[in-house]
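> Dropping the structure in here first, questions after.
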Amino acid sequence: MTSSPPVPSAVSAPERTPATRFAGLLPTDPQLLRLSLLTLLNAFGRGLFFPVSVLYFTRVVGLGATSVGVGLTIAGLFGIAAGVPAGRASDRWGRRPVLTVLWVGCGVTLVAYTVVGSYAAFLATAIGYAALCQASMGVRNALYADVLPPATRVEGRAHLRMVTNVGMGVGGAFGALALQADSRAGYTVLILVDAVAFAVSALMVLRLPGTAGRKAERDTPVGSRWRAVRDLPYLAVTCSNAVLALQYSLLEVGLPLWIVQHTEAPRWTAALLMILNCVLVALLQVRVTRGVEDLPGAVRAMRRSGLLLALSCAAFACAAGLSPMAALGVLVVGAVVQVLAEVLSAAGGWTVGYGLADARAQGVYQGVFNSGQAAATMAAPALVTVTAIEHGPLGWAVLAVLFVGAGLGMAPAVRRARRDAWRGE
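Numbering of the sequence shown is given in the working numbering, commencing with residue 1 and proceeding in unit increments.
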């Protein structure tokens, strides 16, 4: 890999100025504060739309559930493919203008959802929305690399993740009200509010510091501009991170099905575990991130994450056959262990994703890294269903082995990537 040096280790504790205070609740950096405000607004809008989207298409537009599922899957494939070209565009023209265009486009496609009247229109709109949203994530991550100082970048990302959880949670609560009302007007209002949130967030991006854009394009060797897509060591790191990212579907897809079909735990347990996850991530993410700002710390964090995920899989499997309250207790223990794995893998993923990337082509590298996570998100529901839900404890064991393998495999992948980076200097 032709690369600038990996992001240096954070400075020693006495010299280092934290990015946040009071358990990560208050940003000390003015740029992080700006990022927090636009992240909160954007996440609130997405939280509004997320719980109502499928029901809007089935109950209001009148499409079949299977047709909607197939359409969203097709749209997701376009979303994965959009990440790298968008990242390349941001390397060439700058993060701010590209992200602004992408988020305005997301708002426009959301408005188009409110007038969809056929399956063809739904499919075209869904593809546009998925491609624009997925493309914006890699560009947004590259923007973070530009705006946040290297020494506090990962801690800043942790704070922004906490803000995202809060925004999504509040938006989801309002979305639940629309679900209860179950009317076209209610759904339409939420979709339009999300569109406005995207547009305002896009305008807020323009107030952030400028990025290199065309100057960086001139300074970057032609062979390095698309290097990320053939940088095998970086792709190996991306794949290991993607396997660990499968954990998110455990809580969203796997556990609700497992609880209902294979345990005696109360049906509301799935909602309880989701709330528990959101609260613990908000409380722990910034704290856990401190100490994971360099590559050795990231490798340790991701190795521990893989082992903790294996333990959580074991706990979930053990809930089958227990009494309702015993099953509830075991599931809660497993969910807490999973949260610890989640915050560790998130922090480690940010560090390796930034630290192993060529800083001259950060957009393409973040597009590749984010596309790996998006592919895992798409594949995860089917994988979790085929393993844990269909085969019980044996399926959970398969998932546990995958997680441990990904965590242990991160160390050699990172070592190889670092050697290639040094060789390219």
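Glycine included, each C-beta is placed from N, C-alpha and C at the ideal position.
#1: Using the C-alpha atoms, what's the distance from alanine 245 back to alanine 375?
#2: Is the region 102–120 in contact with the region 176–195, if contact means three or more CB pairs nearer than 8 angstroms?
#3: When we look at the beta-carbon of glutamate 155 and count the other beta-carbons within 10 Å, is it buried (16 or more) or exposed?
#4: Quick check on the DSSP output: the alpha helix (DSSP H) that includes serine 118 runs from which residue to which?
#5: Use the C-beta contact count for glutamine 261: other C-beta atoms within 10 angstroms, 16 or more gives buried, fewer gives exposed.
#6: To the nearest angstrom, how far is it from the Cα of aspartate 91 to the Cα of tryptophan 258?
#7: Do you know offhand how far aspartate 182's Cα is from aspartate 358's?
#8: Going by beta carbon distance, what residues of the same chain come within less than 6 angstroms of alanine 145, once the five residues before and after it are set aside?
#9: Skipping 5 residues on each side, what residues in its chain have a beta carbon closer than 8 angstroms to that of arginine 415?
#10: Determine the DSSP secondary structure at glycine 175, reduced to helix, strand or coil.
#11: Hey, quick one: how far does the alpha helix (DSSP H) through tryptophan 258 stretch, first residue to last?
#12: Just to confirm, are alanine 411 and arginine 303 a CB contact at a threshold of 9 angstroms?
#13: Hey, quick one: how far does the alpha helix (DSSP H) through alanine 375 stretch, first residue to last?
#14: Starting from the C-beta of serine 249, find all residues in its chain whose C-beta is less than 6 angstroms away, skip the five residues before and the five after it, and write them out in chain order.
#15: Counting only the same chain and skipping the five closest in sequence on each side, list residues whose C-beta sits under 6 angstroms from that of alanine 89.
#16: Using the three-state DSSP reduction, which class does phenylalanine 50 fall into: helix, strand or coil?
#17: When the Cα of alanine 178 is compared with those of Val386, Val337, Val54 and His391, which residue comes out closest?
#18: Consult DSSP for glycine 213 and reduce its assignment to one of helix, strand or coil.
#19: Which of helix, strand or coil does DSSP assign to alanine 265?
#20: Does the region 307–314 come into contact with the region 197–209, if we say contact requires no fewer than three beta-carbon pairs (one atom in each stretch) closer than 8 angstroms?
#21: Would you mind sorting serine 118 into buried or exposed? The rule is 16 or more other CB atoms within 10 Å of its CB.
#22: Would you check if the distance between the CB atom of valine 339 and the CB atom of valine 401 is smaller than 9 angstroms?
Judging by the given coordinates:
#1: 10 angstroms
#2: yes
#3: buried
#4: Counting along the chain, serine 118 falls outside any alpha helix (DSSP H), and DSSP gives it neither H nor E.
#5: exposed
#6: 44 angstroms
#7: 48 angstroms
#8: Tyr354 and Gln362
#9: none
#10: helix
#11: 255–262
#12: yes
#13: 362–384
#14: Ala380, Pro381 and Val384
#15: Val98
#16: coil
#17: Val54
#18: Summary for glycine 213: the model assigns pLDDT 49, below 50, so the residue's position carries little reliability; its value from the coordinates is reported in the next sentence. If DSSP states are grouped into helix, strand and coil, glycine 213 belongs with coil.
#19: coil
#20: no
#21: exposed
#22: no
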